[in-house]
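Protein chains in written order, with this note's numbering: chain A, 1 to 128; chain B, 1 to 128; chain C, 1 to 128; chain D, 1 to 128; chain E, 1 to 128; chain F, 1 to 128.
All C-beta atoms, glycine included, are put in the ideal place defined by N, C-alpha and C.
No experiment lies behind these values; they were computed from the predicted model shown.
Here is the structure we will look at.
Protein chains: 6
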Amino acid sequence: MSDDRYERGAEIVARVYKDFGDSFLAEVAAAAPDLSRYIREFAFGDIYSRPGLEPRQREMIIISSLATIGYAAHELKAHIHGALNVGVTREEIVEILIQVAPYAGFPAAINGLHAAKEVFSEWDKISS
Amino acid sequence: MSDDRYERGAEIVARVYKDFGDSFLAEVAAAAPDLSRYIREFAFGDIYSRPGLEPRQREMIIISSLATIGYAAHELKAHIHGALNVGVTREEIVEILIQVAPYAGFPAAINGLHAAKEVFSEWDKISS
Amino acid sequence: MSDDRYERGAEIVARVYKDFGDSFLAEVAAAAPDLSRYIREFAFGDIYSRPGLEPRQREMIIISSLATIGYAAHELKAHIHGALNVGVTREEIVEILIQVAPYAGFPAAINGLHAAKEVFSEWDKISS
Amino acid sequence: MSDDRYERGAEIVARVYKDFGDSFLAEVAAAAPDLSRYIREFAFGDIYSRPGLEPRQREMIIISSLATIGYAAHELKAHIHGALNVGVTREEIVEILIQVAPYAGFPAAINGLHAAKEVFSEWDKISS
Amino acid sequence: MSDDRYERGAEIVARVYKDFGDSFLAEVAAAAPDLSRYIREFAFGDIYSRPGLEPRQREMIIISSLATIGYAAHELKAHIHGALNVGVTREEIVEILIQVAPYAGFPAAINGLHAAKEVFSEWDKISS
Amino acid sequence: MSDDRYERGAEIVARVYKDFGDSFLAEVAAAAPDLSRYIREFAFGDIYSRPGLEPRQREMIIISSLATIGYAAHELKAHIHGALNVGVTREEIVEILIQVAPYAGFPAAINGLHAAKEVFSEWDKISS
C-alpha cells in the first residue's frame, strides 16, 4: 500500500515536472532522503492524485499558495514548469500572479513574477 | 473612466458575493470609505474583471491565497460565499483547502476549513 | 501498510492529546474527513512516530513552530495539552514561548502565551 | 542599570498606553512575568526610548509593522491607543492602514482597520 | 481619469525612486506590463499621492511594512532609495529597522538592515 | 548591570557560534552597532542564558522557529552551526526540519534543509 502511494507520487512528479522535479527532489534527498520520499508519497501520492480537481486546476492553486508564501522561489519555479507541462498557459500563470496581488501584496506577486520570468526564459532556450 | 472601474467592481461584488460582500465592504467603509472604494475599484474593477481567467478560477486562486495567509478568516468566508455563487462546489472548495496543506501547512488548511464549515452551515440554514 | 500508518498515528493522537486531540480532529473531519485522516497518517503516523527525537522534544519543536506561525491558536492549544501529557512542564512551555520572542517577535510569543494560559487554566479546573 | 531600563520602559508604557498598556502587560505577566518585564525593558526601555525618532513616528512605524503581521490585533489596539495619546490623529492612523494595503495585502489592512474601529469607538464612549 | 492616475503615479515613481524605480518597474513590465501599470496607478497614483501623510512619513511606513514582510529585499531597496531621496536620513532608516525588531523579530530587522547597507554603499559610490 | 548582560551574551555568542556568530554580528554592526549589541544583550544575555532549558534544547527550538519563518537563511545557518557546537547531531537537525514540515509547510522545511546542507558541507571541509 505504501509503495502504491510512492509509485503514484513518483509517477506524477516525473510526468508533470519532468527533469526539474527529479532534480529538485534529488537536492532534497541529498540531505534528507525521507523528506523527498514524503513529498512524493504525501504531497503527490496522497493529495495531488486525488480526484475532484484536474492537474491544471491543482497547479493554479499551488502557484497561488506558493506566490502568497513569498519566500518559496524554488518550489514556485518547479510548479510553474509543471503548470506549463499540464497545459496552463504563460498568460494564465501571469494572470494568477496578478490575481494574488490584492491579497498577498505586490511584493509577493512580484517575487512570483520573477520566478515565472526565469522559467519562461528557460523554456525559450530549450525550444529555440 | 474611474467611475467605470468603480461601477465594474461594484457590479461584481454585488453579483458574486451578494449580501455578504456588501455588508463586508460596509464594515470597511464605516472606518475607511476610501479603502472600501479601492477594493471595488482595484481588486474587482481592475483585477478580478480582467479576461484570461473565469470567475470560478479566480475564486479558486483567491481561496488558495487567503487560506495560505492564515489569518484572513473574514475575507475567506466572503470568497467562499462567492465561490459557491459562481458555481464552485463544496467538494471543490474542500479540495482546494486540502491541496494547500502541504505548502501552507495544516494549521492554515484547518483555519480555512473552519471558515468553509461556517459558510456551508449558513447556506444550509438559508436553503432549509 | 497504509492502515499501519493510520493506526500508528491514531494511537499517538489518542495517547498524547487525549480528548482534546480527538475532538480537534472530529471538528476537522466534520468538513473534511480525508484531512483528519491525513493528519493522523502523515503528521503522526509518518512524522511524529519517527525515531530520532522523543515525544517531549517533538512537542517543544512543534510549539515553537506553531507559536512562530502566530495565527494557529487552536493547534497550539492541542500541542500544549500534548506537551503536558508527555512530561513537558508548564515552566518549560513558557520558556519555549519566551525563547521564540527574539526571532518571531513579541506578538507571536504573546499569542502563544495566551494559548498556554488557557490550557493551564483548563488543567487547573480538571485537577481541582 | 537594568533597573534604569525597566523604569524607563515602564514610564513610557504608563504614559503612552495608559490603562490599556498596563492591563495588556498584566495579562502577559499572569502567565510569564519575565516576558512582561522584557517588553518594558527591551521594547520600551531600550528601543522605543532611543533618540532619533519621536513617539509619533515610532507609533506610526509600529502600527505599520503590526498591521503587516496580520494576526496581532491585541498589540495593534494597544498601539492605536498609544498613537492617539501621543498625537497621531484618527485620520493619520487610517491613512497608515491604507498605505500598508499594497504591500501587506487588503486582508492585513482590513484586520488593522477593524482594530482601529474598536479603539475609536472605545474613545468615543469615554469622551461622551 | 485613469490616465490621470497613471500619470500621477508615474510622476511619483520617477521623482521619488529615480532610476531605481523605473528599472524596478521595467523588470516587472518585462513579464507583466499590466502589473507594472497597476503599481503606478494604484500603489502610487491612488494611495501614495493621497493627502494626509507626507512622502517622508509614507516611506517610513512602507519601510516598516516591507521589513516586516521579511522576503521583500528588492522592494525594500527601492523604498530605501526613495526614502533618502525625500529626505529621510540614513540614521532614521536604521532607526526604523531597529524599531521593527521587537515586533517582526530580529531576522526581519537584519534582512532589512542588509538591504539598507547595500543602498547606502551604492550612494557612497555615486557621490564619491 | 547592563555590561553584565552584554558580557554574558557575548560569551555565549563566542562559545556557541564561534567564528560564524562573530562574523554574523560584525556584518550587522557594520550598519547598526546598536542592533548587534541588542542581539548580544537581549537575545543572548537576557533570553538564551536563562535557566530552565539547556543550550541543546534552545537551539532545537530556535531552529524550529527560524525554519518556520522561511526567509531567515542566514540566521538559520548561524544556529545550525551553534546546534552542532552544543551537541545536537546532524540527524537531529534534519529531524527537526522534517518535524516542522506538517505545520510550516514543505517549502519552509526545504529552505531549512538547504541551509543545513550548506553548514554540514562547511563542517566537512574543515574537518577533512
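Hey, would you say Gly112 of chain C sits closer than 8 Å to Ile69 of chain D, going by beta carbons? no
Straight-line Cα distance separating Ala31 of chain A from Val13 of chain F: 27 Å
Give the single residue among C:Tyr48, C:Ser49, C:Tyr38, C:Glu95 whose Cα lies nearest to the Cα of Arg50 of chain A. C:Tyr38
Between Met1 of chain C and Ala78 of chain A, what straight-line distance do the alpha-carbon atoms span, to the nearest angstrom? Residue confidence for Met1 of chain C is low, a pLDDT of 46 falling below 50, so the modelled location carries little weight and cannot support an answer.
Within this structure, are the beta carbons of Arg5 of chain C and Glu41 of chain C separated by less than 8 Å? yes
Output the boundary residues of the alpha helix (DSSP H) element that contains Val16 of chain A. No alpha helix (DSSP H) holds Val16 of chain A; DSSP gives it neither H nor E.
Does Asn111 of chain C get closer than 8 Å to chain F when you measure Cβ to Cβ? no
Beta-carbon proximity list for Gly45 of chain D, same chain, < 7 Å, skipping 5 on both sides: Apart from the 5 residues on each side of it in sequence, Gly45 of chain D sits with its Cβ closer than 7 Å to the Cβ of Arg5, Tyr6, Arg8, Gly9 in its chain, given in chain order.
Quick check for students: name the residue ranges of the alpha helix (DSSP H) that lie wholly in the region 20–97 of chain B, counting only runs of 4 or more. Runs of the alpha helix (DSSP H) inside the region 20–97 of chain B: 33–38, 55–69, 73–85.
Less than 7 Å separating the Cβ of Leu113 of chain F from some heavy atom of the ligand SAM? Within the structure as shown, the ligand SAM is missing, as the structure has no ligands at all.
Closest by C-alpha distance to Ser65 of chain B, when choosing among B:Tyr103, B:His81, B:Gly87: It is B:Tyr103 whose Cα lies nearest to the Cα of Ser65 of chain B.
With burial defined as no fewer than 16 other Cβ atoms inside 10 Å of the residue's Cβ, what is the status of Ile126 of chain C: buried or exposed? exposed
Taking the alpha helix (DSSP H) that Ser128 of chain F belongs to, which residues open and close that run? Where Ser128 of chain F is concerned, there is no enclosing alpha helix (DSSP H), given that its DSSP letter is neither H nor E.
Selection from D:Phe24, D:Leu97, D:Asp124, D:Pro33 that minimises the alpha carbon distance to Asp34 of chain B: D:Leu97
CA-CA distance, Val119 of chain F and Val119 of chain A? So the two alpha carbons sit approximately 28 Å from each other.
Which residue wins for smallest C-alpha separation from Ala115 of chain D, given the options D:Ile93, D:His81, D:Val100, D:Ala73? D:Ala73
Which chain F residues sit within Cβ distance under 8 Å of Gly130 of chain C? Residue 130 of chain C cannot be examined here, being either before or after the span of chain C that is shown, 1 to 128.
Interface residues of chain C facing Phe44 of chain A [CB-CB closer than 8 Å]: Chain C residues near Phe44 of chain A: none, gap ~12 Å exceeds 8 Å.
Gln99 of chain A vs Leu53 of chain B beta-carbon contact at 8 Å: For the pair Gln99 of chain A and Leu53 of chain B, the CB atoms are nearer than the 8 Å cut-off.
With Ala109 of chain C and Ala67 of chain C assumed to form a contact (beta carbons below 8 Å), what rounded beta-carbon distance in angstroms separates them? 7 Å
Just to confirm before moving on: does the CB-CB distance between Val88 of chain C and Glu122 of chain C stay below 8 Å? no
6 Å CB neighbourhood of Arg56 of chain E in its chain, flanking five on each side removed: Val86, Gly87, Val88
Is there a C-beta anywhere in chain D that falls below 8 Å from the one on Tyr103 of chain A? By the rule that beta-carbons nearer than 8 Å mark a contact, Tyr103 of chain A touches chain D.
Taking only the alpha-carbon atoms, compute the straight-line gap between Asp19 of chain B and Val28 of chain C and give it to the nearest angstrom. 28 Å
For Ser128 of chain D, count the other beta carbons within 10 Å of its own beta carbon; 16 or more makes it buried, fewer makes it exposed. Which is it? exposed
Contact defined as beta carbons within less than 8 Å: I believe Ala43 of chain C pairs with Phe106 of chain B. What is the distance between those atoms, to the nearest angstrom? 6 Å
What does Ala31 of chain D touch in chain C if you count any residue whose Cβ is under 8 Å from its own? Val94, Leu113, His114, Ala116, Lys117, Phe120
Neighbourhood of Lys117 of chain E by C-beta, 7 Å cutoff - its chain only, sequence neighbours within 5 removed: Only residues of its own chain outside the window of five on either side were considered, and among them none has a CB closer than 7 Å to the CB of Lys117 of chain E.
Thinking C-alpha only, which one of E:Asp3, E:Asp124, E:Ser36 is nearest His81 of chain E? It is E:Asp124 whose Cα lies nearest to the Cα of His81 of chain E.
Using the C-alpha atoms, what's the distance from Phe24 of chain E back to Val16 of chain B? Straight through space, the alpha carbons of Phe24 of chain E and Val16 of chain B are spaced by roughly 35 Å.
Starting from the beta carbon of Leu134 of chain E, find every residue of chain F whose beta carbon is closer than 8 Å, and list them in chain order. Nothing about residue 134 of chain E can be reported from this structure: the residues present for chain E run from 1 to 128 only.
I need the straight-line Cα distance from Asp22 of chain C to Ser36 of chain C, nearest angstrom please. 10 Å
DSSP-derived helix/strand/coil call for Gly105 of chain E: Secondary structure of Gly105 of chain E (DSSP, three-state): coil.
Looking at chain B, is there any beta carbon in it that lies within less than 8 Å of the beta carbon of Ser65 of chain A? yes
Can you grab the Cα-Cα spacing for the pair Ile63 of chain A / Glu11 of chain D, in whole Å? Cα to Cα, Ile63 of chain A sits roughly 49 Å from Glu11 of chain D.
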